[in-house]
Amino acid sequence: MIKGEILEVPIDQIRPSPYQPRLYFELETIKESIKQDGMLVPPLVRRKPEGATEFELIDGERRWRAAKELGWKTITVQVANVDDETARRMVFTLNEERQPYTAEEYTKFFRRMYEQMGSVYAVAQAFRKSEHTVWRYINISMLPEYLQKAVWSGRITIGMIAELDPVFAEARDEIGDITATWQYSNSPSYQKIVTWLERAYMGEIRDREELRKHYVDPYLEELDKLRIRKAKEAVEKIVPKELIEAKVTLEKPEELEKVAEVLKKEAKRRREALLTPEEKARIETEKRRKEEERRRRLEERRRREEEELRKRLEAEKRRIEEEVKQKAKEELLRDREFIKEFIAKEYSAMHETLDIEDIRELLKQKLLANIPPEKKERAENIFEEEWSSLKKRIQIFPEKSSKMEHKFERLKELEEEGVFLTTLWDIDERAEYAGRGDFHGNCPPQVVEQCVLRLTKKGDLVVDPMAGSGTAIDVCNLLGRRCIAYDIKPPEWRTDIIQNDSRKIPLEDESADMVFLHPPYWDMVYYTEANENLPDLSRAKTLDEYLEMLRQVLQECYRILKDGKYLCILLGDRIKNGRFIPLCRKAANLAEEIGFIDCGYAVKFTKGSTSQVIKGKNIYAEVAYTQNLKIEHDLVMFFKKEAKYSQ
């Protein structure tokens, strides 16, 4: 991961990368996203030249172009310190990973890189592509413009171009210079390529298989026959002594191979005989250079592989060490929790009849009798630490210690029931035993379960004014509570949810033992169609209208609740048009104005859960940023209807 300083710079001081393969940029979608949520991820740039005030883009050109069109004067960027080679590779790779390039973009980019770098091998190595792939797109660049456009449009497929690879290779041998303008060439192979592609463009050649079977393969076979014929003619002209003595007839494959070997030696001898001393020296120098380059590449690859192996071994060593430390830590924590619970349980049974020191000795003996020998020393140390802590609490707060025993017992009972004992509710995955997970804006059953277990007992009546897919009903049925559920638009499959406007709940005053309310987060997700004209909170046109409708619902909740009972609201804040909307705080203010007592809240982590799927695309709970802080939690707020005659 590239790390660098974060700066805010004038947008006109940023220049596009000269290595950018992308030719076309679709900006409307990202402009809408930036207008609503701001620039979520800053573009990645480098100083060019190093130390200058101008910057060159590495990643994020589309975001930069959109910001310019929106009239931004400055933009936040991340500055990386990378050289030209690294920047070139990053620009290509980051863009390709986000969205593959078009055939036109690959072709023009690889041709440009070939002209800069001088060889197909260098281009392939720089961008981690095969030489065949690079050659294929360079081959396209050598076609007449009208045929190139046919490739861009798909009239001629890349598969057809692939079938022509060996014929392009023949053309390169015939022309000798790929930087030349091929369309004016007399190369027979090139003319064949153009003719075949024109026929493919006209629909006369339908697919790559037909092209290969009926055109390419026969042509290559004909070239092979031509080479054999030329070889025979060459043999007849040259007639080396060894061929005459061998009585070669050129009829068998092994004889042809022997001829080829002899001709190769003869050609080399004659070529060397024609060379000047300077040319011989230049050839030797080039041979040495190539050999040194080959050795350098092998050595570089060896060093790279050794470095990668070293890093993998070090990472594995660190992982094992961390795993051992973590296991030891977890084991120590388990041992400490076990001993702590053991002391608390046994002490509660003995403290009224035995002296504290006698209890200590008895507990220590009983504990160590069941501990393996290798763990006894650690267990004894933990026991002494926990006993010392217990003794100190008893000595300092004897009365409080006695009073707290019942509270500790109650907490233990709650924990055994599965009730969370903290205000942080980290729910990994939505349970599937209640409601439906694919229902838009669905509520995790675990949230309803925690509220019901904590605030009601079996047989109590729970009311859900906005039931959605019926999660609260299913949870209450499982836990032995009665439940009445309403919704402005109940799902067709839930006959146990009553259609109702929750601003007027058809129940008597003080009839409910708990109300669970999961209202819309204003208009983040619509729960009804606009043409249905239902009194839906998610269809409120303004925030004030939404809050007024919510206030009427809360008044009804207050009316139907029994004195001393609780209202639980699951709600989250949101961002709209770049502005933070504190829905939770505003809802809490409304509840207090009505008469509820605020009893705190629990934080439920959202885990980036999917709320709806439409037309094969995921629609996620709104991604909200405040100075790059993503909202990933909802609040479960607790409000109590104060008893009429309490202080």
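In short: position in the sequence shown from 1, add 199, done, that's my numbering. In this text, a Cβ means the ideal position worked out from N, Cα and C, and glycines have one as well. Bear in mind that the values here come from a model prediction, so they are computed numbers and not experimental data.
Beta-bridge annotation (DSSP): methionine 713 is paired with Val661, Tyr765. Pairwise C-beta distances place the region 650-659 out of contact with the region 772-783, as fewer than three of them are shorter than 8 Å. If you check the CB distance, aspartate 686 and proline 644 do not come in under 8 Å.
The bridge partners DSSP lists for cysteine 642 come to none. For histidine 331, the enclosing alpha helix (DSSP H) starts and ends at 330-340. Bounds of any beta strand (DSSP E) do not take in threonine 285; it lies within the alpha helix (DSSP H) bounded by 283-297. Annotation: methionine 359 to valine 415 spans about 10 Å, alpha carbon to alpha carbon.
Around the beta carbon of valine 240, fewer than 16 other beta carbons lie within 10 angstroms, which makes this residue exposed.
Inter-residue distance for alanine 368 and arginine 214 is about 39 Å (C-alpha atoms, whole angstroms). In the DSSP assignment, arginine 246 falls outside any alpha helix (DSSP H) and lies within the beta strand (DSSP E) extending over 243-246. Pairwise C-beta distances place the region 209-226 in contact with the region 304-313, as three or more of them are shorter than 8 Å.
In chain order, Leu226, Ile229, Lys230, Ile233 place their CB closer than 7 Å to the CB of alanine 265, counting only its own chain and leaving out the 5 sequence neighbours on each side. Straight through space, the alpha carbons of aspartate 364 and tyrosine 320 are spaced by roughly 16 Å.
If you compare the alpha carbons of Ile538, Glu492, Leu422, Lys391 with that of leucine 410, the shortest gap goes to Lys391.
Bounds of the beta strand (DSSP E) holding phenylalanine 837 are 832-840. Residue Glu556 holds the alpha-carbon nearest to the alpha-carbon of glutamate 583 among Arg335, Leu293, Glu556. The continuous alpha helix (DSSP H) containing phenylalanine 309 extends over residues 302-316.
The distance from the Cβ of threonine 622 to that of cysteine 642 is about 18 Å, inconsistent with a contact at the 8 Å cut-off. Straight-line measurement puts the Cα of arginine 535 at about 55 Å from the Cα of arginine 261. Here serine 318 is exposed, its C-beta having fewer than 16 other C-beta atoms within 10 Å. Boundaries of the alpha helix (DSSP H) around proline 365: 364-374. Distance between glutamate 791 and arginine 592, taken at the CA atoms: about 39 Å. Per DSSP, glutamate 744 lies in no beta strand (DSSP E) segment; the continuous alpha helix (DSSP H) that holds it begins and ends at 742-759. Cβ contact annotation for serine 388 (same chain, cutoff 7 Å, sequence separation greater than five): Val366, Glu369, Ala370, Glu373, in chain order.
Rounded to the nearest angstrom, the Cβ distance from tyrosine 765 to glycine 794 is 13 Å, too far for a contact under 8 Å.
Cβ-Cβ distances below 8 Å link lysine 761 to Glu709, Ser710, Ala711, Asp712, Lys840 in the same chain, with the five nearest sequence neighbours on each side left out; the list follows chain order.
Checking the DSSP bridge columns, you'll see tryptophan 721 has no partner listed.
Counting along the chain, the unbroken beta strand (DSSP E) around threonine 273 starts and ends at 273-278. Secondary structure note for valine 802: its beta strand (DSSP E) is the uninterrupted segment 795-804. DSSP links glutamate 207 through a beta bridge to Thr275.
If you draw a straight line from the Cα of arginine 245 to the Cα of glutamate 296, it is about 20 Å long.
Counting along the chain, the unbroken alpha helix (DSSP H) around leucine 566 starts and ends at 555-567. The C-beta distance from valine 618 to leucine 769 rounds to 17 Å, too long to meet the 8 Å contact threshold.
According to DSSP, residue pairing for cysteine 682 in a beta bridge involves Val661. In this structure, the CA atom of leucine 749 is about 39 Å from the CA atom of isoleucine 274. Collapsing the DSSP output to three states places tryptophan 692 in coil.
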